[in-house]
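Take 2 as the starting number for the sequence shown in the working numbering and just add one per residue.
One structure is given below, encoded as structure tokens.
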Amino acid sequence: MIIYQENKDNFLEDIQNRDIQDKIADFYLEKLGKRPSPSEKRSWQNSLTEVYYVLNDQRIPNESRVTIEYNLPSTNRRIDVIVSGTDNQGKPTAILIELKQWEKANLVATKDGLVTTFLGGNPNRETVHPSYQVWSYFQFMKDYSRLYHQEKLAFIICAYLHNYKKANNEPLLDKHYEYYTKEAPIFFNGDNRLLSDYISHTIKGPDEQGIINRLDQEPKQPSKSLQNDISSLILENEDFVLLDSQKIAFEEIKSLTKKSKNDSQKRVVIIEGAPGTGKSVIAFQLLASFLKQSMSVSYISKNAALRSVFSTKLINKKSNKNDQGQRLTKSRLDNLMMGSGSFYKTMPNTYDVLLVDEAHRLNFKSGMFKNKGENQIKEIIESTLVSVFFVDDKQQVTSSDIGSKVQILTDAKSMNVRPENIKILNLNSQFRMSGSNNFLEWLDFALGLASLNESLKPDLTLDGYDFKIYDSIDEMTNDLETKNNLNNKTRLVAGYCWDWVSKKDPNSYDIDLSPTFKKQWNLSNDNTWAISENSFEQVGCIHTSQGLEFDYVGVIVGPDLYIKNGLLKTNPLARAKTDKSLNGLIGLIKKGDQESLDKAKLIILNTYRVLFTRGTKGCYIYFTDPEVKEYFQNLLIKNCNE
Numbered sequence: 002m003i004i005y006q007e008n009k010d011n012f013l014e015d016i017q018n019r020d021i022q023d024k025i026a027d028f029y030l031e032k033l034g035k036r037p038s039p040s041e042k043r044s045w046q047n048s049l050t051e052v053y054y055v056l057n058d059q060r061i062p063n064e065s066r067v068t069i070e071y072n073l074p075s076t077n078r079r080i081d082v083i084v085s086g087t088d089n090q091g092k093p094t095a096i097l098i099e100l101k102q103w104e105k106a107n108l109v110a111t112k113d114g115l116v117t118t119f120l121g122g123n124p125n126r127e128t129v130h131p132s133y134q135v136w137s138y139f140q141f142m143k144d145y146s147r148l149y150h151q152e153k154l155a156f157i158i159c160a161y162l163h164n165y166k167k168a169n170n171e172p173l174l175d176k177h178y179e180y181y182t183k184e185a186p187i188f189f190n191g192d193n194r195l196l197s198d199y200i201s202h203t204i205k206g207p208d209e210q211g212i213i214n215r216l217d218q219e220p221k222q223p224s225k226s227l228q229n230d231i232s233s234l235i236l237e238n239e240d241f242v243l244l245d246s247q248k249i250a251f252e253e254i255k256s257l258t259k260k261s262k263n264d265s266q267k268r269v270v271i272i273e274g275a276p277g278t279g280k281s282v283i284a285f286q287l288l289a290s291f292l293k294q295s296m297s298v299s300y301i302s303k304n305a306a307l308r309s310v311f312s313t314k315l316i317n318k319k320s321n322k323n324d325q326g327q328r329l330t331k332s333r334l335d336n337l338m339m340g341s342g343s344f345y346k347t348m349p350n351t352y353d354v355l356l357v358d359e360a361h362r363l364n365f366k367s368g369m370f371k372n373k374g375e376n377q378i379k380e381i382i383e384s385t386l387v388s389v390f391f392v393d394d395k396q397q398v399t400s401s402d403i404g405s406k407v408q409i410l411t412d413a414k415s416m417n418v419r420p421e422n423i424k425i426l427n428l429n430s431q432f433r434m435s436g437s438n439n440f441l442e443w444l445d446f447a448l449g450l451a452s453l454n455e456s457l458k459p460d461l462t463l464d465g466y467d468f469k470i471y472d473s474i475d476e477m478t479n480d481l482e483t484k485n486n487l488n489n490k491t492r493l494v495a496g497y498c499w500d501w502v503s504k505k506d507p508n509s510y511d512i513d514l515s516p517t518f519k520k521q522w523n524l525s526n527d528n529t530w531a532i533s534e535n536s537f538e539q540v541g542c543i544h545t546s547q548g549l550e551f552d553y554v555g556v557i558v559g560p561d562l563y564i565k566n567g568l569l570k571t572n573p574l575a576r577a578k579t580d581k582s583l584n585g586l587i588g589l590i591k592k593g594d595q596e597s598l599d600k601a602k603l604i605i606l607n608t609y610r611v612l613f614t615r616g617t618k619g620c621y622i623y624f625t626d627p628e629v630k631e632y633f634q635n636l637l638i639k640n641c642n643e
């Protein structure tokens, strides 16, 4: 979608008249149905004035076109500035420019394509390198444009940081970012003449064909290169083989999607499955299958850590690829994996299929401050022909989670999806916890989330699942560390009962349970904690572990569980002050509101249910409250002896 476009002369005139921000704002309202924020308008005024000085050069043709805020198809990502025209052979071409008002940035040497800078009030926020950003946007544009490949277009890209004075040893130009800065060079404060040279060297003639308009208007289909690259990545991965009920659900969704492609009717599919039933496996297999059929499809998850881990694991399996190939493939994969808040501006039926993993975590509002959009469930259904929601109601773990089966059904019906086009499928086979349905049934019973199944084996052997309760946190940690040293697939997690003090003081410990057990939360910017080296030294929480699995998991149960009159109780006031999962409930609980107390109870119990079910081979538990430990031990012994 094009927000603003004029020839160069008219653009320069709009800047001179000082009404460029108002014109863009009017187009923004007209095309997106909402007004831009005051900060967006200020950024247009400030940055586009700097672009004026770059383009006010007689070597750049007056009839070249300037496109502002080009919205990449099917996304909420926008390219700041595109200058288009023809090259010295009369062939359509363009320059994509990423604008930044940064003044300083720092190297992140341990991660690819990331830096830290001042953003949103945070002086050290992790974000993508400007060159990586425009490079990834360009890759996305090419991956969904047949026209680009048919006409063998050759665009160039760059970043312009007009407030940023380049240092002698500039972090943004560090060798760590060399691949991206070669692809998309950076122009700094005082480089406006150099950027003019860069543009004029490429743009030699007018844009008479309207190349950006043509790209914007063509049907969006994945390129053959994208189809082959990503499909092979998934289909050749042994971690994504379909078994039993997974295969049945997979084929049913393919069949329903084929019907929707033929009759153009919306369909909503809800896949219910407990932890370890393979919901994510089905989602990725469907992603590969629909890509191979040239469909517009994306994998959706609210949890950024989940997307990062899956992306990294898939790429690491392709060890035969060179660095350049891996970077391209990861960019492509990341572009196919989106957050659940990406659809409040999306036009109806932009996609063929959206695959929503961990759909129980969907929210009403989107954006950093939860002030955008209306309802993520409705926005997803509106944006696509077929929406597939993978849910487990017992994995809702914050007060803002709305994605229950009932809510999805209600929203689908309110959007006039025909009842016969709403399908509910169930996954029954357990492929985590050594395939032990016994353990999950016992856990639900112990937490008070379900009655004990009468068919549960009296000896509770757990089918070989390694489940232990420890008296000593140090003993548990030592046993788990031994296992982690074998393959880096063991992690420590905990209920969120300890404040995140290390956020402001990196030398402080968050969880101090013994003279030798002092650890920090993994709540930093590392979205790949689940698979990164040295992650065992940190403790994960619900937000960094949900949807993921390890060989072994060690769970620290905090004081938000306690015993009263022999019954397991929850104490939401024992949660950390830095925990946001009970937002809006604590104040009401202090006033005695029973409904809020009941909701907080369910969130706490669901949280531990998720943490207890992260291990494929074993789960070790340490309880900070001896009475809670005794309660669980007695239940285990009782059911083993009955």
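No residue lacks a Cβ here, since even glycine has one placed at the ideal position from N, Cα and C.
Beta-carbon separation (whole angstroms), residue i vs residue j, contact threshold 8 Å
i, j, result
"L288", "V298", "6 Å"
"T94", "T87", "6 Å"
"F551", "G616", "6 Å"
"F391", "V357", "6 Å"
"T385", "D353", "7 Å"
"R576", "S536", "Actually they are not in contact, since the Cβ atoms of R576 and S536 sit about 24 Å apart, beyond 8 Å."
"E476", "I564", "Not quite, the Cβ-Cβ distance comes to about 23 Å (not below 8 Å), so this is no contact."
"Y161", "I98", "6 Å"
"Q397", "G342", "With a Cβ gap of about 17 Å, Q397 and G342 do not count as contacting."
"V387", "S295", "Their Cβ separation, rounded to whole angstroms, is 15 Å, which puts V387 and S295 out of contact at 8 Å."
"K267", "G274", "K267 to G274, Cβ: 23 Å. No contact."
Beta bridge counterpart(s) of residue i as assigned by DSSP
i, result
"A160", "E99, I187"
"E127", "T117"
"C620", "F468, V554"
"T68", "Q6, I83"
"V269", "S388, I423"
"W522", "V540"
"V357", "I301, F390"
"G274", "L428"
"D513", "K519"
Nearest-angstrom Cα separation, counted from residue j out to residue i
i, j, result
"L457", "L441", "Any reading at L457 needs caution, since the residue's pLDDT is 48, under 50, leaving its predicted position unreliable; the model's value is listed next. Whole-angstrom Cα-Cα distance: 11 Å."
"D20", "D230", "45 Å"
"F12", "R60", "16 Å"
"Y29", "D513", "51 Å"
"L583", "V407", "22 Å"
"Y632", "G567", "8 Å"
"L487", "D480", "12 Å"
"L234", "V269", "27 Å"
"N485", "L612", "17 Å"
"M339", "I409", "19 Å"
"E538", "K520", "7 Å"
"D467", "E127", "38 Å"
"E7", "R66", "6 Å"
"N125", "A168", "18 Å"
"S533", "S546", "13 Å"
"G34", "I470", "56 Å"
"L606", "Y621", "17 Å"
"T517", "E171", "41 Å"
"E375", "N364", "9 Å"
"N1", "T399", "As shown, the chain starts at 2 and ends at 643. That puts residue 1 outside it, with no answer to give."
"D511", "P560", "15 Å"
"N321", "L236", "Low local confidence applies: a pLDDT of 47 at N321 is under 50, so the model's placement there is unreliable, and no value is given."
"V109", "L115", "6 Å"
"P223", "E253", "23 Å"
"S503", "C542", "15 Å"
Of the residues the options, the one placed nearest residue i, counting alpha carbons only
i, options, result
"E239", "Y181, K314, H177", "K314"
"K105", "I96, L97, D472, T117", "T117"
"S430", "A305, S246, S281", "S246"
"E64", "A185, V84, E31", "V84"
"G122", "N607, W103, D113", "W103"
"I301", "I316, I283, Q294", "I283"
"Y553", "S261, K618, T399", "K618"
"Q327", "Y54, K42, D113, V82", "D113"
"V82", "N107, K92, V55, G91", "V55"
"V389", "H361, I4, L244", "H361"
For the pair the stretch 594-609 and the stretch 522-536, tell me if three or more CB-CB distances fall below 8 Å. no
Does the stretch 134-148 come into contact with the stretch 219-230, if we say contact requires no fewer than three beta-carbon pairs (one atom in each stretch) closer than 8 Å? yes
Taking three-plus beta-carbon pairs below 8 Å as touching, is the stretch 189-206 in contact with the stretch 130-140? no
Counting Cβ pairs, one atom from each stretch, are 3 or more of them under 8 Å apart for the stretch 185-192 and the stretch 210-218? no
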